[in-house]
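Residue numbers (my numbering), protein chains in the order written: chain U, 602 to 898; chain E, 3 to 322.
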């Protein structure tokens, strides 16, 4: 096979084993691909099962063995599911809450991150450590006092409890993520702007923020995701059916039409769709955001 | 710390001596801007985190049915939950079992997926997408999907098991299988952990592997001696965050099992929720919430402290 003998040192490193490795590589690589495919199938089955069920007529749902390809395909399940309860309204509510929350979280976490990354002030390190420590706080411990606070403010059944806190700091994760991002931008930018007479907040607004758009996008996406998916807090503060967000609507739908599996799956799929679309468009930002907050935490 | 105190002390001395403080005008302006910049977070922290935690502690010493005024009862709430309330202990038991099984299994699984994704794999991006997607879907929708998946007669899971001639369990309708069912379901959402580990793996310098190979290490040895130590800070972070997150499980249990059957999935947060917002025992619910707070705090700190023994930080210990 191998023509001529490689020098002894080469044999010890790459020479002799290379043939065996290549052979091994080929089988290992096939094995790896098979594993990945099997895993992917396992991860996809629940989705396929949801979509398949959502398109079936009622009588084909309770069938064994289950039929994967719906026949006939009932698209009108979707129309029925979305009209039997006011899902359009829930969508609007969710979008309203989510958009305002995202704006609040971006603005406040950017300003705060800038303070921690770029400005020197006494107590900065201690405050930053406190900020990091709050990541470990199970927020449910604050849920009852906050409910009482909002109740005394007459904010129950309004969107204020869902939105206002996002304008005050938002999330330690986002502050941390943006701080890391600001730290990667060269300090000379600030210095040069300062010499030109720029104040600290103009530096942030005109120089750093435009450069931080990838970081801000990551924050926007995660903020969207978390606010869109949030369930417990809206469950506590929104009693009025007309105020419900999508997750509450889905929960209410199930309370009323519990065993209409096709409609329930259709509604679940539609509730997930915005997130799935955002995910496919901005995948890279998701991965990068988790890598930044996760790996460097 | 000490140097900062020294600095402050020095500044105070200088002030007392009538000298100009050491902070120059420019520095003071910068400091003021700094406080202004972080003020949204500081306000939010004080209003929405610190004050409520303290308030929760106060409320936990009262009997408060929300409509009437709170009545101070000292430690009676804690006395009740520790010694008289079986449901509290049930909720602790169920939550701890969930954490103990879910955290390690999902760590191993997400590490395995990350290692897989770190190989030369055709269509790696697509695989990564597929593995990660379940982690971004709204938990309420995920719960709906899995109620139907776990359906004992017509669900896809038992239909699959039936292929092997076995009749699957009743899953979420059985007090024995409901908790394992929720743990299995949570493993479908290991994508976040996978991405964290993948980023960690890609941060390991290639020369370490080359050096290990030259020293004659095989794949398994390289994994044990290079990959794991280099990845250990990331593993620590992922484990701590996963423990904290797992203690907060609520949505699945609320929607899929309503804590049942027979309180088999009565997680701590669900029990807090019921006490506070279904039965309006604000005082007792706050006591429960404080237990959650303390348990999570103690476990996180214990994990962080234990890390001295198993987490490898570059630079502290000399080269490989």
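Here a beta-carbon is modelled for each residue, glycine too, at the ideal position from N, C-alpha and C.
Selection from the options that minimises the alpha carbon distance to residue i
i                     : options                    : result
residue 231 (chain E) : E:249, E:199, E:256        : E:199
residue 788 (chain U) : U:802, U:772, U:803, U:809 : U:809
residue 704 (chain U) : U:885, U:771, U:657        : U:771
residue 842 (chain U) : U:688, U:721, U:751        : U:688
residue 1 (chain E)   : E:101, E:178, E:45         : Absent from the model: residue 1 (chain E). The displayed extent of chain E is 3 to 322, so no value can be given.
residue 27 (chain E)  : U:882, U:714, U:866, U:722 : U:722
residue 147 (chain E) : U:652, U:709, U:876        : U:652
residue 886 (chain U) : U:852, U:836, U:778        : U:778
residue 781 (chain U) : U:715, U:636, U:645, U:640 : U:715
residue 278 (chain E) : E:65, E:31, E:295          : E:65
residue 142 (chain E) : U:627, U:659, U:846        : U:846
residue 818 (chain U) : U:854, U:880, U:649        : U:880
residue 243 (chain E) : E:181, E:154, E:149, E:192 : E:192
residue 195 (chain E) : U:888, U:662, U:836        : U:888
residue 312 (chain E) : E:246, E:91, E:226         : E:226
residue 310 (chain E) : E:287, E:268, E:238        : E:238
residue 69 (chain E)  : E:304, E:290, E:285        : E:285
residue 760 (chain U) : U:719, U:668, U:646, U:836 : U:836
residue 174 (chain E) : E:106, E:256, E:272        : E:256
residue 727 (chain U) : E:121, E:51, E:44          : E:44
residue 144 (chain E) : E:190, E:229, E:155        : E:190
residue 850 (chain U) : U:657, U:686, U:649, U:725 : U:686
Start and end residues, alpha helix (DSSP H) containing residue i
i                     : result
residue 187 (chain E) : 180-189
residue 752 (chain U) : 741-753
residue 222 (chain E) : 221-224
residue 235 (chain E) : 230-249
residue 177 (chain E) : From DSSP, residue 177 (chain E) is part of no alpha helix (DSSP H); its letter is neither H nor E.
residue 155 (chain E) : No alpha helix (DSSP H) contains residue 155 (chain E), which DSSP labels as neither H nor E.
residue 766 (chain U) : 761-768
residue 38 (chain E)  : 27-47
residue 681 (chain U) : 677-685
residue 660 (chain U) : 659-662
residue 197 (chain E) : 193-204
residue 259 (chain E) : Element bounds for residue 259 (chain E): n/a, residue is neither H nor E.
residue 835 (chain U) : 833-838
residue 277 (chain E) : First-last for residue 277 (chain E): undefined, no H or E at that position.
residue 131 (chain E) : 126-134
Residue i, DSSP secondary structure in three states
i                     : result
residue 295 (chain E) : helix
residue 265 (chain E) : coil
residue 879 (chain U) : helix
residue 315 (chain E) : coil
residue 283 (chain E) : coil
residue 865 (chain U) : helix
residue 624 (chain U) : With a pLDDT of only 49 at residue 624 (chain U), under the threshold of 50, the placement of this residue in the model should not be trusted; the figure read from the coordinates follows. Of the three classes helix, strand and coil, the one that applies to residue 624 (chain U) here is helix, per DSSP.
residue 120 (chain E) : coil
residue 789 (chain U) : helix
residue 97 (chain E)  : helix
residue 695 (chain U) : helix
residue 772 (chain U) : coil
residue 212 (chain E) : helix
residue 218 (chain E) : coil
residue 954 (chain U) : Nothing about residue 954 (chain U) can be read from this structure; chain U reaches only from 602 to 898.
residue 809 (chain U) : helix
residue 721 (chain U) : coil
residue 51 (chain E)  : helix
residue 169 (chain E) : coil
residue 305 (chain E) : helix
residue 310 (chain E) : helix
residue 139 (chain E) : coil
residue 669 (chain U) : coil
residue 853 (chain U) : helix
residue 816 (chain U) : helix
residue 88 (chain E)  : helix
Residue i - partner residues in DSSP beta bridges
i                    : result
residue 73 (chain E) : E:65
Cutoff 8 Å: residue i Cβ touching any chain B Cβ
i                     : result
residue 260 (chain E) : This model lacks chain B altogether; the protein chains it does include are U and E.
Would you say the stretch 794-811 of chain U touches the stretch 722-732 of chain U, given that touching needs at least three Cβ pairs under 8 Å?
no
Counting pairs of Cβ atoms below 8 Å between the stretch 113-123 of chain E and the stretch 307-317 of chain E, do you hit three or more?
no
Is it a yes or a no for the stretch 763-772 of chain U touching the stretch 60-77 of chain E, going by three-plus beta-carbon pairs under 8 Å?
no
Stretch pair the stretch 258-269 of chain E + the stretch 37-55 of chain E: three plus CB contacts closer than 8 Å:
no
Would you call the stretch 131-139 of chain E and the stretch 209-219 of chain E in contact, with 3 or more CB pairs under 8 Å?
no
Pairing CB atoms from the stretch 696-713 of chain U with CB atoms from the stretch 819-831 of chain U, are three or more of them under 8 Å?
yes
Using a Cβ distance threshold of 8 Å, determine whether the stretch 45-58 of chain E contacts the stretch 739-746 of chain U, with at least three qualifying pairs required.
yes
Using a Cβ distance threshold of 8 Å, determine whether the stretch 276-296 of chain E contacts the stretch 103-110 of chain E, with at least three qualifying pairs required.
no
Does the count of Cβ pairs from the stretch 674-687 of chain U and the stretch 857-868 of chain U closer than 8 Å reach three?
yes
Three or more C-beta pairs under 8 Å: does that hold for the stretch 299-308 of chain E against the stretch 244-253 of chain E?
yes
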